[in-house]
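Chemist: Supplied in structure tokens, the structure appears directly below.
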Amino acid sequence: MNQACPFDLGAALAERQRQHRYRQRLNTAAPAGRETVIDGRRYLNFCSNDYLGLANHPEVIAALQAAAAELGVGSGASHLVCGHSHYHHALEEQLAKATGQARALLFSTGFMANLGAIGALLGKGDAVFQDRLNHASLIDAGLASGARFRRYLHNDAGSLEAQLAKADARRKLVVTDGVFSMDGDTAPLAALCDVAERHGAWVMVDDAHGFGVLGPQGAGTAAAQGVAGRVQVHMGTLGKGLGTFGAFIAGSEALIETLIQFARPYIYTTAMPPALAAATLQSLAIMRAESWRRDKLHQLISQFRHGAQAQGFALMDSATPIQPLLIGDDAAALRLSNALKQQGVLVSAIRPPTVPEGTARLRVTLSAAHQPEDVARLLAALGDAPGDTPD
Ligand SMILES: *Cc1c(COP(=O)(O)O)cnc(C)c1O
Numbered sequence: 001m002n003q004a005c006p007f008d009l010g011a012a013l014a015e016r017q018r019q020h021r022y023r024q025r026l027n028t029a030a031p032a033g034r035e036t037v038i039d040g041r042r043y044l045n046f047c048s049n050d051y052l053g054l055a056n057h058p059e060v061i062a063a064l065q066a067a068a069a070e071l072g073v074g075s076g077a078s079h080l081v082c083g084h085s086h087y088h089h090a091l092e093e094q095l096a097k098a099t100g101q102a103r104a105l106l107f108s109t110g111f112m113a114n115l116g117a118i119g120a121l122l123g124k125g126d127a128v129f130q131d132r133l134n135h136a137s138l139i140d141a142g143l144a145s146g147a148r149f150r151r152y153l154h155n156d157a158g159s160l161e162a163q164l165a166k167a168d169a170r171r172k173l174v175v176t177d178g179v180f181s182m183d184g185d186t187a188p189l190a191a192l193c194d195v196a197e198r199h200g201a202w203v204m205v206d207d208a209h210g211f212g213v214l215g216p217q218g219a220g221t222a223a224a225q226g227v228a229g230r231v232q233v234h235m236g237t238l239g240k241g242l243g244t245f246g247a248f249i250a251g252s253e254a255l256i257e258t259l260i261q262f263a264r265p266y267i268y269t270t271a272m273p274p275a276l277a278a279a280t281l282q283s284l285a286i287m288r289a290e291s292w293r294r295d296k297l298h299q300l301i302s303q304f305r306h307g308a309q310a311q312g313f314a315l316m317d318s319a320t321p322i323q324p325l326l327i328g329d330d331a332a333a334l335r336l337s338n339a340l341k342q343q344g345v346l347v348s349a350i351r352p353p354t355v356p357e358g359t360a361r362l363r364v365t366l367s368a369a370h371q372p373e374d375v376a377r378l379l380a381a382l383g384d385a386p387g388d389t390p391d
């Protein structure tokens, strides 16, 4: 055989290893929260998306247990057959209320919500316009939809406008993360809505990292920016700020009915366990009522930013719990992450292809479950990490 076998998986894996991009999973043995346990050792955890500290809340756990005792574990079927329980229904009503929209529809995951919504709205003859830093699930959904696919410069309404002006598609959908998952900055939604409105386009916001965290009562990025009524498709996830699992799309009556009829990742999959919906109802109520969690989070964010800046780290333009430290080189980001781990502090190194080439970073995420002493320990560990401080 003198020709490389196209299924030589070992070669592709070795190449990834050589690039310092090999992914490995941690086996954790503690609930999400301020600490985790790996191989019997305790770590301060700065890489979960449990922003409000609800994943391990006793009332959320109790709601899950009680509903499992009542309805069992599995939903038994898809929503359209007989898997749609009264808990699912009540959760959809509360999510509509929390986002200020007419209706909401549950999906099993955020990835599926994005595939479902974009796939149901767009097809051949349509066009989708996406921020170039959008989440992978939005990119894949856009590509799979069959619509013409355009990417505009990050958070650049002018770049979007130039592309919309050239498009002669039937339906035009502008899609953006509300909070960018690897940078922590927020989309300029008013400017994007202005442009979209001038060109007859709809706007979809993926608020996986904004829902629960930003806006009045955690209503999300669009509400925080006062444009909730100008965004036609609101997507939120339940596995991050709400600390449970699943996702939803919120919007008009016609939008939700369209998704029920046409969104394949909604129709052809088993409904989430009803007890998860019951747990999420509880966490949603706590999320809305306990604004001290958001206030505390913002204090921790500013503590971290001041401390990291004083040490000369390159912070990104983020006012959210996602606080990446830009390192650049893949191997250097890994070394810093490992040095922190040796000091009992867990922060993941994010490398391409998750982020653009040359922008490897440590992605610090903060949670209302953290205490100011925890952030102080993270800052001290960063200061002590050998070799990779910016000077
Ligand atoms: C996490 C995430 C998703 C996917 O949500 P899951 O419920 O985890 O599948 C979608 N979009 C963004 C921006 C995310 O960060």
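Numbering (the UniProt record's numbering) for the sequence shown: 1 to 391. Glycine is no exception: its CB is placed at the ideal position from the N, C-alpha and C atoms. Here the structure is a predicted model, which means the values were calculated and not measured.
If the criterion is Cβ atoms closer than 9 Å, does the pair Leu-133 and Pro-353 meet it?
Modeler: no
Chemist: Let me check you understand the geometry: is the CB of Lys-166 closer than 8 Å to at least one non-hydrogen atom of ligand 1?
Modeler: Not under cutoff, so the answer is no.
Chemist: Could you say if the stretch 222-240 and the stretch 80-87 meet the contact criterion of at least three C-beta pairs nearer than 8 Å?
Modeler: no
Chemist: Give the secondary structure of Asn-114 by DSSP, where H, G and I count as helix, E and B as strand, and everything else as coil.
Modeler: helix
Chemist: Can you give the Cα-Cα distance for Asn-27 and Glu-290, rounded to whole angstroms?
Modeler: 32 Å
Chemist: What does Lys-172 pair with, by DSSP beta-bridge criteria?
Modeler: Ala-127
Chemist: For the beta strand (DSSP E) containing Leu-326, list its first residue and its last residue.
Modeler: Note, Leu-326: beta strand (DSSP E), 322-328.
Chemist: How about Lys-240: is its Cβ closer than 8 Å to a heavy atom in ligand 1?
Modeler: yes
Chemist: Just the C-alpha distance for Leu-153 and Tyr-51, rounded to the nearest angstrom, thanks.
Modeler: 28 Å
Chemist: Using 10 angstroms around the beta-carbon of Glu-161, count the other beta-carbons present and answer buried if the total reaches 16, otherwise exposed.
Modeler: buried
Chemist: So, for Ala-14: in the same chain, excluding its five sequence neighbours on each side, which residues have a beta-carbon less than 6 Å away from its beta-carbon?
Modeler: none
Chemist: Thinking just about the alpha-carbon of each residue, which of Ser-337, Ile-350, Arg-361 and Ala-331 is nearest to the one in Leu-378?
Modeler: Ser-337
Chemist: Check whether the stretch 127-145 and the stretch 90-100 touch, using three or more Cβ-Cβ pairs below 8 Å as the test.
Modeler: no
Chemist: Distance check for Gly-239 and Leu-122, CA to CA, integer angstroms please.
Modeler: Straight-line Cα distance between these residues: approximately 26 Å.
Chemist: How about Val-213 and Met-235: are their beta carbons less than 9 Å apart?
Modeler: no
Chemist: Using C-beta distances below 6 Å, list every residue in its chain close to Val-73, excluding the 5 sequence neighbours before and after it, in chain order.
Modeler: Pro-273
Chemist: Can you look up Val-375 in the DSSP assignment and give me helix, strand or coil?
Modeler: The DSSP-derived three-state label of Val-375 is helix.
Chemist: Could you compute how far the alpha carbon of Ile-267 sits from the alpha carbon of Ile-260?
Modeler: Their backbone Cα atoms lie some 7 Å apart in a straight line.
Chemist: Are the beta-carbon atoms belonging to Ala-104 and Ala-250 less than 9 Å from one another?
Modeler: Yes, these two residues count as a Cβ contact at 9 Å.
Chemist: With burial defined as no fewer than 16 other Cβ atoms inside 10 Å of the residue's Cβ, what is the status of Phe-7: buried or exposed?
Modeler: exposed
Chemist: Would you kindly check if the distance between the Cβ of Thr-186 and the Cβ of Thr-359 is under 9 Å?
Modeler: no
Chemist: Quick one: Cα of Arg-363 to Cα of Pro-386, how far?
Modeler: Going from the Cα of Arg-363 to the Cα of Pro-386 covers about 18 Å.
Chemist: Taking Pro-216 as the reference, which of Asp-168, Gly-100 and Ala-147 has the closest Cα?
Modeler: Gly-100
Chemist: CA-CA distance, residue 394 and Gln-3?
Modeler: In this structure the chain extends from 1 to 391, so residue 394 is not present and cannot be described.
Chemist: Which of the three DSSP states, helix, strand or coil, is assigned to Met-204?
Modeler: strand
Chemist: Suppose the cutoff is 6 Å on Cβ atoms and the five residues either side in sequence are ignored; what does the same chain contact list for Ala-30 look like?
Modeler: Thr-36 and Val-37
Chemist: Of the choices Asp-330, Arg-288, Ala-279 and Arg-361, whose alpha-carbon is the least far from that of Phe-313?
Modeler: Arg-361
Chemist: In the DSSP assignment, the alpha helix (DSSP H) including Gly-307 goes from what residue to what residue?
Modeler: 292-310
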